Every structure is written in structure tokens, then in C-alpha cells.
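Q: Structure in C-alpha cells, see below.
There are 2 protein chains.
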Amino acid sequence: MSKANPCHGNCPIARVTALLGDGWSLMIIREAFLGSGKFNEFEKRLGIARNILTNRLRKLVEAGLLQRKASETDRRVVEYRLTRSGRALFPVLIALSQWSEQHLSDCSHSVRYVERATGEEIQRIKVLSADGRELDAGELAMLPGPDADPALKARLVAAMEQAGHEAAHAAS
Amino acid sequence: MSKANPCHGNCPIARVTALLGDGWSLMIIREAFLGSGKFNEFEKRLGIARNILTNRLRKLVEAGLLQRKASETDRRVVEYRLTRSGRALFPVLIALSQWSEQHLSDCSHSVRYVERATGEEIQRIKVLSADGRELDAGELAMLPGPDADPALKARLVAAMEQAGHEAAHAAS
DNA sequence: GGATTGGGTTGCAAAATGCAACTAATCGGC
DNA sequence: GCCGATTAGTTGCATTTTGCAACCCAATCC
């Protein structure tokens with residue numbers, strides 16, 4: 001990916017894409033949620049090349065999503081476990097998964113997410129207003145926050161203006 | 001990425017990673033949400049190479065996330081707009097964005113998501129049980145659905161068993 | 001009709017990825 | 001304490017993907 005493209009400043013999507021936007025990082029996080037922790041487990045369960053796995057684990061550790069710790073019982077093995085940051089990706093993974101099931105062929109009804117205690121299906125992930133109504137993209141505004149850099153700020157202002165012109169479009 | 005690794009069958013995360021797991025696809029979708037539609041707009045706002053952009057737009061159109069249509073008013077320009085599937089990625093983008101803001105340095109307070117009508121901040125995206133309690137990863141079970149292929153089924157069963165052994169781990 | 005614009009394609013260099021072979025430390029058996 | 005096996009890497013090399021710049025062609029503007 002390029003060094004200096006327009007909005008790559010502190011745009012949150014750009015930043016998360018830089019970190020997780022490759023063919024493996026998200027899979028590794030998913031594996032970690034499924035209980036993998038050792039180098040070998042990731043390798044075998046994902047079928048990832050070992051040098052790439054090394055590289056990604058290091059990157060994820062540096063980013064603070066995984067913690068690297070030598071095992072107490074066997075000093076050959078290294079345990080990678082999700083940190084608080086890593087576990088906070090939980091809603092992202094579920095949202096992605098639900099989207100896949102609904103919109104990609106071959107993914108429908110391959111996994112059921114249920115609450116362990118009750119066995120009931122969880123809700124579909126939604127964007128909610130402060131008072132709990134479900135919002136869609138058209139009802140949302142993205143404003144530059146206090147720490148937005150100039151490029152991001154300009155981009156968001158431009159988007160706001162564009163949104164004004166469109167007003168009502170609904171068809172797909 | 002490899003051709004045939006263990007769980008790449010119909011695992012939803014694997015499938016969405018295959019589609020959006022590169023440095024640009026998600027950025028393109030984000031741009032589309034921000035109002036971009038023309039080839040040039042994507043190119044300039046993202047700083048993406050034109051051959052790569054061509055490739056990604058085609059892929060996203062094939063996957064049904066974007067719709068490609070020649071403009072009515074100027075037959076040189078092509079409009080790419082989000083389909084229903086594409087717009088359904090909205091919660092995913094918001095979840096990713098919120099995660100970035102909370103867990104990546106330089107992303108904090110760069111964007112504020114507010115409801116257009118009221119100006120109020122939206123809620124944090126959560127995983128909710130059927131009756132509306134917030135769940136975390138430990139409270140969730142992933143069961144193979146009716147269409148899970150054998151590899152995925154085996155993987156999920158293994159994860160369930162592993163989860164049994166762990167029971168209570170909370171530290172990070 | 002000539003220059004410009006929009007949306008590409010093509011060729012080539014650079015970077016990322018995949019694969020297999022090799023290491024270094026640790027373990028378990030004896 | 002030695003020996004083979006296991007774990008987590010590393011290294012070298014072939015293949016694939018990216019990025020960049022130049023080129024192309026139809027539609028549009030003047």
C-alpha cells in the first residue's frame with residue numbers, strides 16, 4: 001500500500017485496514033477467539049506459511065492485540081493470547097460473520113451464534129441511536145472529532161456536503 | 001493466500017477475508033459510504049493505483065457489493081454505488097471504526113458518529129443476547145449450522161471442547 | 001476538428017507471499 | 001547425560017500481488 005495517500009492520516013478505517021487488512025490477520029484473531037494460542041495451532045488450523053505467521057503474530061503483538069508469553073509448563077511453546085484490545089474486536093468479528101452469512105453464497109447457515117447459557121440465538125448486530133432506534137447509513141453523520149487531522153476533516157466536510165445533495169435515494 | 005487450507009470451506013470469516021481482506025477493498029466501501037461513486041473520485045480520494053482500483057471495483061461488483069452503471073448525463077463516467085449487500089456492511093464499518101478509535105493510537109477522537117437528525121452520538125456497537133443483554137466472547141457459543149461443511153463443523157466442535165477446559169480466564 | 005476528460009489497459013520494477021529446508025532451544029525416554 | 005522428537009522460529013528462492021507511469025480510446029467540450 002502506498003506511503004502517503006490523502007486520507008490515511010488518522011482515519012480509523014484506514015488505520016484498522018493497515019493493521020488487519022491482509023489475508024491472515026483477521027483469521028488469526030478469529031482463531032484466537034476459537035481458542036488457539038500456540039504457534040503450531042495457528043499454523044495447522046489456518047494452513048498459513050510459517051514465516052507469514054511469524055510476521056503477523058509479531059505485528060499483532062506490537063499493535064497490542066495479542067500478548068506473547070512463554071508457557072510455564074513447557075518452555076518451548078509460546079502462548080499468544082488476546083489482550084483486552086484484541087477481545088474488543090468481538091463485535092467486529094460477529095458483525096462480519098453475520099454479514100457473510102446473509103450476503104455471501106456458501107456462507108448461509110454455516111455457523112449459529114448462540115448464548116452459551118441459554119442456547120438462544122444472539123441478535124443481529126445493529127447501529128443504534130442514543131435512544132435505541134436502529135440507524136442506517138443515511139441517518140448517520142460523521143463529524144471530525146477534536147483530534148482529526150486536516151485531511152480527514154476536509155474529507156468529512158466534503159462528504160457531509162455531498163450527502164446534502166442526495167437527500168433521498170433508496171433503491172439498490 | 002493458499003488454495004486449500006483447513007477451514008476455508010464455508011467459514012464466514014474466511015469468506016469475508018477473501019473478499020475484503022486486502023489493503024483497499026474496505027477503504028473503497030468506506031469511500032462509497034462517504035459518497036464517492038466515480039472511478040476518479042475513488043482514485044483521488046484514496047490515492048490508489050488505477051489498475052488496482054479497476055481490479056477491486058470489478059471484484060466488488062462481482063461479489064454484489066457495488067453496482068456498476070454508466071452515468072445518464074455523461075456517458076464517459078461510470079457510477080459505482082452500493083447495493084443492498086454493500087450497505088449492509090454499515091454496522092461492520094462502524095464497529096471497526098469504533099474499535100480503532102478506542103484501541104489504536106492516533107485514532108482517538110478523530111471522528112464522531114452522530115445521528116443526523118438529533119446530533120446525538122450513536123451507541124457503541126455491542127453483541128446482544130436475544131433479550132438484550134450485552135454478551136462477551138466467553139458467553140457465546142458457535143455451533144455448526146445446517147450448511148456447515150465437515151471441516152468447519154470439526155473446527156467448531158474442537159473449539160467448544162477447548163472452551164470447556166478454560167472456563168474462567170479473565171486477565172489480559 | 002482539436003484538446004481534454006473519464007475510465008480504463010499494459011509493461012515493468014518492487015514488495016509481499018508461499019514453500020521447503022535449516023536452526024536452536026527444550027523436552028521425554030532411557 | 002545422550003538421543004530423537006517437538007516447538008518456534010529463520011533463511012533462500014520462486015511466484016504472486018502491488019505500485020507507478022505511460023499509453024489507449026470513446027465521449028465531451030469549445
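If you're matching them up, the sequences are chains A and B in order.
Take the first sequence: its letter number 53 is residue 53 in the UniProt record's numbering, and every next letter is one higher.
Take the second sequence: its letter number 164 is residue 164 in the UniProt record's numbering, and every next letter is one higher.
We put the CB at the ideal spot given by N, CA and C, even for glycine.
Being a predicted model, the structure only gives us computed values, none of them experimental.
When you compare each of B:Arg30, B:Leu19, B:Gly119 to Ala95 of chain B by their alpha carbons, which one comes out closest?
A: Taking the second sequence and counting its residues from 1, one reaches residue 95 of chain B at position 95. The residue with the shortest Cα to Cα distance from Ala95 of chain B is B:Arg30.
Q: So what's Val157 of chain B in DSSP terms, helix, strand or just coil?
A: Start at 1 with the first residue of the second sequence, and residue 157 of chain B comes out as number 157. Correct three-state label for Val157 of chain B: helix.
Q: Assuming contact is defined by CB atoms lying nearer than 8 Å, are Ile122 of chain B and Leu140 of chain A in contact in what I supplied?
A: Locating residue 122 of chain B in the second sequence gives position 122, counting from the first residue. Locating residue 140 of chain A in the first sequence gives position 140, counting from the first residue. Going by C-beta atoms, Ile122 of chain B is nearer than 8 Å to Leu140 of chain A.
Q: Go ahead and pull the three-state DSSP assignment for Lys69 of chain A.
A: Here residue 69 of chain A refers to the residue found at position 69 when the first sequence is read from its first residue. Looking at Lys69 of chain A - three-state DSSP - the assignment turns out to be strand.
Q: Could you check what DSSP says for Pro91 of chain B in three-state terms: helix, strand or coil?
A: Start at 1 with the first residue of the second sequence, and residue 91 of chain B comes out as number 91. Helix.
Q: Mind pulling the chain A residues with CB within less than 9 Å of Ile28 of chain B?
A: Within the second sequence, the letter at position 28 stands for residue 28 of chain B. Residues of chain A passing the Cβ test: none, with the nearest at roughly 10 Å.
Q: DSSP puts Met27 of chain B in a beta bridge; with which residues?
A: Your numbering for residue 27 of chain B matches position 27 in the second sequence. Answer by DSSP bridge pairing: none, since Met27 of chain B is not bridged.
Q: If I follow the unbroken alpha helix (DSSP H) through Leu57 of chain B, where does it start and stop?
A: Counting from one through the second sequence, the residue named residue 57 of chain B turns up at place 57. Taken as a continuous stretch (DSSP letters only), the alpha helix (DSSP H) holding Leu57 of chain B covers 50 to 62.
Q: Could you spell out where the alpha helix (DSSP H) holding Val16 of chain A opens and where it closes?
A: If you number the first sequence from 1, residue 16 of chain A lands on position 16. From DSSP, the alpha helix (DSSP H) with Val16 of chain A extends over 12 to 20.
Q: Between His169 of chain A and the rest of its own chain, which residues show a CB-CB distance below 7 Å, the 5 nearest in sequence each way excluded?
A: By one-based count along the first sequence, residue 169 of chain A stands at place 169. Note that His169 of chain A scores 44 on pLDDT, short of 50, meaning its location in the model is unreliable and no value can be drawn from it.
Q: Along chain A, in chain order, which residues have C-beta atoms closer than 7 Å to that of Thr17 of chain B?
A: Residue mapping note: residue 17 of chain B aligns to position 17 of the second sequence, counting from 1. Those within 7 Å of Thr17 of chain B in chain A are Gly23, Leu26, Met27.
Q: At a Cβ threshold of 8 Å, is residue 256 of chain A touching chain B?
A: Residue 256 of chain A is absent from the model: chain A starts at 1 and stops at 172.
Q: Would you mind reading off the limits of the alpha helix (DSSP H) that contains Leu46 of chain A?
A: By one-based count along the first sequence, residue 46 of chain A stands at place 46. Note, Leu46 of chain A: alpha helix (DSSP H), 39 to 46.
Q: Considering only the beta carbon of each residue, do Pro12 of chain B and Glu120 of chain A sit closer than 8 Å?
A: The residue given as residue 12 of chain B occupies position 12 in the second sequence. The residue given as residue 120 of chain A occupies position 120 in the first sequence. Taking 8 Å as the Cβ cut-off, Pro12 of chain B and Glu120 of chain A do not qualify as a contacting pair.
Q: Just to confirm the assignment, what range does the beta strand (DSSP E) spanning Ala141 of chain B have?
A: Position 141 of the second sequence holds residue 141 of chain B. That run of the beta strand (DSSP E) goes 140 to 144.
Q: For Arg15 of chain A, which residues in the same chain have their Cβ closer than 6 Å to its Cβ, ignoring the five residues on either side in sequence?
A: Position 15 of the first sequence, counting from 1, holds the residue named residue 15 of chain A. For Arg15 of chain A, where only same-chain residues beyond five positions count, there are no Cβ hits under 6 Å.
Q: Quick check: the segment 65 to 78 of chain A against the segment 66 to 74 of chain B, are at least 3 beta-carbon pairs closer than 8 Å?
A: In short, these stretches do not touch, since the Cβ pair count stays below three.
Q: Please compile the residues from chain B whose C-beta is within a distance smaller than 9 Å of the C-beta of Lys59 of chain A.
A: Within the first sequence, residue 59 of chain A is the residue found at index 59, counting from 1. Per Cβ cutoff of 9 Å: no residues; Lys59 of chain A is ~13 Å from chain B at best.
Q: Who are the near neighbours of Lys86 of chain B in its chain, counting only those whose CB is closer than 7 Å to its CB and skipping five residues on each side?
A: Within the second sequence, residue 86 of chain B is the residue found at index 86, counting from 1. The sequence given here places Gly at residue 86 of chain B; Lys does not occur at that position. Excluding sequence neighbours, Gly86 of chain B sits near Ile29, Ala32, Leu65, Leu66.
Q: Please report the residue range of the beta strand (DSSP E) in which Leu82 of chain A lies.
A: Counting from one through the first sequence, the residue named residue 82 of chain A turns up at place 82. 78 to 82 is the span of the beta strand (DSSP E), which, as asked, contains Leu82 of chain A.
Q: What are the residues of the segment 141 to 152 of chain A that lie near chain B, defined by any Cβ-Cβ distance shorter than 9 Å?
A: The segment 141 to 152 of chain A vs chain B, Cβ under 9 Å: Ala141, Met142, Leu143, Pro144, Gly145, Pro146, Asp147, Ala148, Asp149, Leu152.
Q: Count the CB pairs spanning the segment 123 to 138 of chain A and the segment 125 to 142 of chain B that are closer than 8 Å, and state whether there are at least three.
A: As far as the Cβ criterion goes, the segment 123 to 138 of chain A touches the segment 125 to 142 of chain B, which means the pair count is three or higher.
Q: Check Leu128 of chain A in the structure and name its three-state DSSP category.
A: Taking the first residue of the first sequence as 1, we reach residue 128 of chain A at position 128. Correct three-state label for Leu128 of chain A: strand.
Q: Which same chain residues, not among the five before or five after Arg81 of chain B, have their C-beta less than 6 Å away from its C-beta?
A: Here residue 81 of chain B refers to the residue found at position 81 when the second sequence is read from its first residue. For Arg81 of chain B, where only same-chain residues beyond five positions count, the Cβ hits under 6 Å are Gly37, Gln67.
Q: Which chain B residues sit within Cβ distance under 8 Å of Leu135 of chain A?
A: Residue numbering aside, residue 135 of chain A sits at position 135 when the first sequence is read from its first letter. Near Leu135 of chain A (Cβ distances below 8 Å), the residues of chain B are Glu115, Ile122.
Q: Can you have a look at Thr17 of chain A and say buried or exposed, based on whether 16 or more other CB atoms are within 10 angstroms of its CB?
A: In the first sequence, the residue the question calls residue 17 of chain A occupies position 17. Label assigned to Thr17 of chain A: buried.
Q: Do you know whose CA, among B:Val111, B:Asp149, B:Leu143, B:Pro150, lies nearest Met160 of chain B's CA?
A: As a first step, residue 160 of chain B is located in the second sequence; it is residue number 160 there, counting from the start. Cα-wise, what sits closest to Met160 of chain B is B:Leu143.
Q: Does Phe90 of chain A get closer than 8 Å to chain B when you measure Cβ to Cβ?
A: Working through the first sequence from its first residue, we reach residue 90 of chain A at position 90. So yes, Phe90 of chain A belongs to the interface.
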